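The sequence shown begins at -3 in the working numbering and counts up one residue at a time. All C-beta atoms, glycine included, are put in the ideal place defined by N, C-alpha and C. Treat the numbers as computed from the prediction; the structure is a model and nothing was measured.
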Amino acid sequence: MRSRTIREGSVGLLILVGLGLFGLLALWIRGLNPGSRSYQAIVEFPNVVGMQAGAPVRYRGVVVGKILSIQPGPNAVAVTIEITSANLLIPSDVLIEANQSGLIGETSVDMTPLEEPSAAVIATTPLDADCDNTVIICNGDRLQGNVGVSFEALIRSTVELTNLITDPVFFGEIRTLTRNTSEAAAGVAGLTRQVSGLTRSVEQDLNRLTTSAATSANSVGQAANQIGLTAAQVSVLLTDNRSILVSTLGNLNQASSQLQLTVSRLAPAIEEGELLQNLEVLSANAAEASANLRDLTGAVGDADNILLLQQTLDSARATFQNTQKITADLDELTGDPEFRQNIRDLVDGLSGLVSSTQQLQQQTAVAQVLEPAAIAVESEDLAPTDRLAVTMPESVRLTLLNSQQARMRPYTVTNSATHSTEVTPEVPASAPVE
């Protein structure tokens, strides 16, 4: 009886120990760790993209906790996360994203801090009563999360991209873009060729410029050498003529002294004489001339006078052009030998005509003088041997004396009595004709 009781008690105790071990195992599987302290926070996501309880929570890529529960709501999904170590301080300004990774698309919560906590807050813990949730995440805080990398979003974007590519309008735009790109490439190729040609031209110009610069440098070097030689020659010249230069400077100094002495002697005469009055008169005349010049400048600068001057210059320019044309025509005419011969013949003919006219005038004057004599012969019936004295006017006498035909030939006068009388004007050798 007693042994049976012991056996039954042993079996019951064994069952209790097994239940206890099973409970401890279940608590251990659920993360119960009496030796460590943890804290929790609630993160609200607009979409959890297949997130499940027990999924890992990563901070800077390191697993620091897990998801305890997921509670969907009308506006968001509340996800309770647990941070295993209470010594881990996470700044409140942190980026929380729900990302999918792996081949099976496991969803995890990734936390990336945007700033570092200050040194004064590092001494506090999230479980403290005075924990400042504006600096670090405290136990029980509610945070806002976002959807990060998602296979659903990737598939949706792929479908949208496929629809966009299969769109005829978009495909036509792609074709137009390709054509424009081809034309632009051809233009770029042409521009490249032009740039290449321009580069070669610039290179040639640079070569010529380099050659010119080298030539200029050589010329400058030669000029510098010549200047050096000139300086050496000047130095030698100064050395050779030092005594002459010293004497010249002495003479100049002596002349300056004499000039100062002369000026000092002339100063009283200038101050007391009429030179000041002459200078005053000269200054007054200069002022008057300046005023007249100013008036003349004002008159010349007048718009009407400027217009008249412009018109005069235009007329003078036209006159000079016409004169140049006439001169050119005269040069063209006088350059002809036949024309010059004709002019020479014309001048000779005019000279002969003038001589004939003078002779005719002389003969006319003589005829006018001899006409009364002829009338007297006819009236008096003179003998052939008689002489008739004729009184000539002063003008006729001077004409006869100055002409080349000063020696008169006898004139024959025929009367009505059928006899002729030779009349010779009496011109005394020593007395003038009356």
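DSSP places T121 outside both helix and strand once states are collapsed to three, so it counts as coil. In the three-state DSSP reduction, E199 falls in the helix class (H, G or I).
Contact between the segment 121 to 128 and the segment 146 to 161 is not established, with fewer than three Cβ pairs separated by less than 8 Å. For I100, the secondary structure class from DSSP, reduced to helix, strand or coil, is coil. Non-local beta-carbon contacts of R54 in its own chain, meaning distances under 8 Å to residues more than five positions away in sequence, involve V60, S104, V105, D106 and M107 in chain order. Note that the segment 38 to 50 touches the segment 62 to 69; at least 3 beta-carbon pairs, one per stretch, sit closer than 8 Å. Annotation: the continuous alpha helix (DSSP H) that includes R152 extends over F147 to I161.
Rounded to whole angstroms, the separation of the alpha carbons of D327 and Q222 is 53 Å. Using a Cβ distance threshold of 8 Å, V7 and V143 do not count as a contacting pair. Within the DSSP secondary-structure output, E78 pairs in a beta bridge with Q36 and K62.
Uninterrupted beta strand (DSSP E) stretches at least 3 residues long and entirely within the segment 206 to 231 do not occur. One Cα belongs to F41, the other to N95, and the distance between them is close to 12 Å. The beta carbons of I38 and A74 sit closer together than 8 Å. For R138, the uninterrupted beta strand (DSSP E) segment begins and ends at D137 to Q140. In this structure, the CA atom of A295 is about 39 Å from the CA atom of A324.
The beta-carbon separation of I79 and L139, rounded to 12 Å, does not stay under the 8 Å limit for a contact. For R54, the enclosing beta strand (DSSP E) covers residues P52 to Y55. It is roughly 20 Å from the alpha-carbon of S311 to the alpha-carbon of D298. Of the residues assessed, I86 falls on the buried side of the cut-off, its CB having 16 or more other CB atoms within 10 angstroms. 8 Å or more divides the Cβ of N129 from the Cβ of Q36. The alpha-carbon of G69 is positioned some 13 Å away from that of T76. Between T121 and N83, the CB-CB gap stays under 8 Å. One thing to note: D137 has its Cβ no nearer than 8 Å to the Cβ of E111. Rounded to whole angstroms, the gap between the alpha carbons of K321 and R313 is 12 Å. For I92, the secondary structure class from DSSP, reduced to helix, strand or coil, is strand.
Contact annotation: L234 and L245 have beta-carbon atoms that are not nearer than 8 Å.
The beta-bridge partner set that DSSP reports for I132 consists of P87. A direct Cα-to-Cα measurement between F167 and L205 gives close to 54 Å. The closest CA to that of P109, considering only I100, D341, V131 and S97, is found on V131.
According to DSSP, residue pairing for Q67 in a beta bridge involves A74. For D310, the three-state secondary structure derived from DSSP is helix.
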